[in-house]
Amino acid sequence: MQDERVPVLEVEGVTKRFPGVVANADVNFALHRGEIHCLLGENGAGKSTLMNVVFGLYQPSEGRILVNGEPQRFASSRDAIAAGIGMVHQHFQLIPVLTVVENVILGVETSRRGQLDLDTARERITELSQAYGLGVDPDALVGSLSVGAQQRVELIKALYRDADILILDEPTAVLTPGEVDEFFEVVRSLVDDGKSIVFITHKLREVLAVADRITVLRRGRVVGSADPSTSTTAELAELMVGRAVSFQVPKGPAEPGPVVLDVAGLGVTDDREVVTVADCSFRVRAGVIYGIAGVEGNGQRELVEAIAGMRDAADGHIHIDGTDIVGMSPRKVERLGVGHVPEDRNKHGVVGAFTITENLVLNGYYRSPFSRGWVMRREPMVEQAERLVEAYDVRTPGTEVTVSTLSGGNQQKVVVARELSRPLKLLIVAQPTRGLDVGSIEFIHSQIVAKRDEGCAVLLVSAELDEILSLADHIGVLYRGTIVAEMPRDEASRNRLGSLMAGAEDPGPPEQPDAVEEMV
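According to this note's numbering, the residues represented by the sequence shown are 5 to 524, in order.
Structure representation (structure tokens):
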């Protein structure tokens, strides 16, 4: 029988070095049975690297890993899985064209009479899904599932392999608020069943809501621990970043200029030719942040892609500074002075195999000073990269490393730095702070406001209602692909926006505007 006093997982003095950087330095960490232990830290603090060491994806340079008191040496993730460890990665390891059951059994397939035994696997997946309230159809194509459902598939993959220790790497980074609540219910049911969970995050309110214990990493080192029952978000933020953090965005009143973006009667279809944006109309003026509030999946992605030239419009018009851009390529739209921070940085924001320097000139490598005639000039590219890496605090050993080696938050900083560092007439920002820590959110918000104050028109699309209320000067509510209501910020409230986002009647302006909560 296992001694309850012995940690189910223990990290002793682990150091992990890469060329030119120490990702983890003498880290000690323990996880007990039936516990949710949150590993908290800013982008690039070494959280994911440490857990990749635990999961056998990296080998420690120094130190050791113990499972149930027994020292382990994992040559690969297969060894860690055999020891009862499962990991749900920030970027899912799923194959979209396969079904749920096919994804789950990949690598641990069983056969019956020479045939792949899908029936037994299907029954086990259904049992796990029902036991933990995961609600996953074994025969659904993974590519057709929502992000939240795909994450539940990743959990089932780990549980199918009999994991008792679960590492959840930034599990809420891409979930809607409703999906976050559902996910926490799943996590609690797992703990009630005796599972032990390492919860990697930088979201402070979530930590306080779900954690039993908190360990904080900063620049690869453990800088402290905290009891969630007695800690505040302000205390945790300061421990994370090493300074006091402001949760409010300093922002003066907007000074509206002429209309820069004019969307009229717009209709857009998705990849399945299903209409997701219908008769959508709104305007964004220079010097104004126009926030689009809406439950994800109501046409936000298709709307933004149409405005950025990435998707054809089926109906209507999009005018940018008086030019109808329907049918234009993304490059032609960009040349009109449009910056675009896309919703999915991996698909549309960065090229993982390119260096930071190369990614920072993706939208301007063909222009002076980066090119002269047909010849690209390396020196000004490197100079810009070094300047932006410092200005945006991108955690990296150098500008010549590939972007794929950066943490998700630092990849997002590269995208934001590239798009905001040049003169713009229109800035389109979709989920600009997704995956960012509190210190980075503070900085990015200040940069968006600075662009507005320069006279740039800003279109902000965010699933974070607090982000909309904090930044926007004017708000439009998107429901089933149509702007169903518009209002100035001082006439908005969570209750009013929430009702409109759900398709209910407009309850009208609040007596007093909502105070903006900490977006952490």
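Yeah, the Cβ is synthetic: ideal placement off N, Cα and C, and Gly gets one too.
Member of the options whose CA lies at the smallest distance from the CA of residue i
i: A162; options: K199, E127 and V184; result: K199
i: I487; options: P232, A282 and T359; result: A282
i: R371; options: N363, M380 and H352; result: M380
i: E495; options: G512, L172 and R209; result: G512
i: V481; options: V140, G295, R382 and V418; result: G295
i: I169; options: I201, D197 and I160; result: I201
i: C42; options: G111, T205 and I360; result: T205
i: P346; options: E468, R9, L149 and E309; result: E309
i: R349; options: H95, V57 and E74; result: H95
i: V442; options: R382, G412 and E242; result: E242
i: A167; options: R37, S444, R382 and E394; result: R37
i: N56; options: I89, E74 and M332; result: I89
i: L208; options: P492, E46, P373 and F22; result: E46
i: V101; options: E306, D274 and L149; result: L149
i: D397; options: S444, D185 and E66; result: S444
i: R9; options: G73, I40 and R68; result: G73
i: R165; options: R117, T176 and L110; result: L110
i: R391; options: R426, R82 and W378; result: R426
i: T176; options: F203, G377 and Q76; result: F203
Distance CB(residue i)-CB(residue j) smaller than 8 Å
i: A258; j: G291; result: yes
i: G356; j: T406; result: yes
i: V253; j: V453; result: yes
i: Q388; j: L366; result: no
i: E404; j: T437; result: no
i: P142; j: V105; result: yes
i: V71; j: A87; result: yes
i: T280; j: G485; result: yes
i: V157; j: L98; result: yes
i: T219; j: S229; result: yes
i: A297; j: I479; result: yes
i: G439; j: G412; result: yes
i: L138; j: L132; result: yes
i: R498; j: L475; result: no
i: V108; j: A125; result: yes
Expected contact under 8 Å - CB spacing of residue i and residue j to nearest Å
i: L410; j: M244; result: That belief does not hold up - the Cβ atoms of L410 and M244 are roughly 18 Å apart, past 8 Å.
i: N32; j: E16; result: 6 Å
i: D121; j: S115; result: 6 Å
i: A215; j: P232; result: 5 Å
i: A84; j: F59; result: 5 Å
i: R315; j: V272; result: 6 Å
i: V26; j: G246; result: About 17 Å separates the two Cβ atoms, so there is no contact after all.
i: T361; j: M385; result: 5 Å
i: I160; j: V184; result: That belief does not hold up - the Cβ atoms of I160 and V184 are roughly 19 Å apart, past 8 Å.
i: P19; j: S65; result: The question names Pro, but residue 19 in the sequence shown is Thr. The pair is a contact, with the Cβ atoms about 5 Å apart (cut-off 8 Å).
Counterpart residues of residue i in DSSP-defined beta bridges
i: C284; result: L270
i: A297; result: V481
i: Q76; result: I69
i: I322; result: V267
i: T361; result: Partner(s): none; T361 has no beta bridge.
i: P492; result: H478
i: S375; result: M380
i: N28; result: K20
i: M91; result: I171
i: L43; result: I204 and T219
i: F33; result: V15
i: L145; result: T103
Residues near residue i in its chain [Cβ-Cβ closer than 7 Å; skip 5 each side]
i: K455; result: L424, L428, L431 and V462
i: H344; result: A312, E423 and I432
i: G24; result: P401 and G402
i: V354; result: N363, V407, Q415, V418 and V419
i: M505; result: A297, G298, V299, V481 and Y483
i: P334; result: A312, G313 and M314
i: V330; result: A317, H321 and I322
Close beta carbons around residue i, own chain, < 6 Å, minus the five adjacent residues each side
i: A34; result: P11 and E14
i: S52; result: D173
i: M5; result: Confidence is the limiting factor: at M5 the pLDDT is only 46, short of 50, which leaves the residue's position unreliable and the question unanswerable from this model.
i: L212; result: P232
i: A49; result: L221 and R222
i: D526; result: The shown model of the chain, from 5 to 524, leaves out residue 526, and the question about it has no answer.
i: A489; result: V481, L504 and D510
Nonlocal neighbours in the same chain, by C-beta distance under 8 Å from residue i, ignoring five residues either side
i: G269; result: D283, C284, S285, D319, G320 and H321
i: D325; result: V264, L340, G341, K429 and L430
i: E515; result: none
i: L179; result: V151, G152, Q155 and F187
i: T327; result: L340
i: G256; result: D457
Residue i beta carbon near the ligand MN (any heavy atom closer than 7 Å)
i: A162; result: Annotation note on the ligand MN: not contained in the displayed structure, which lists no ligands.
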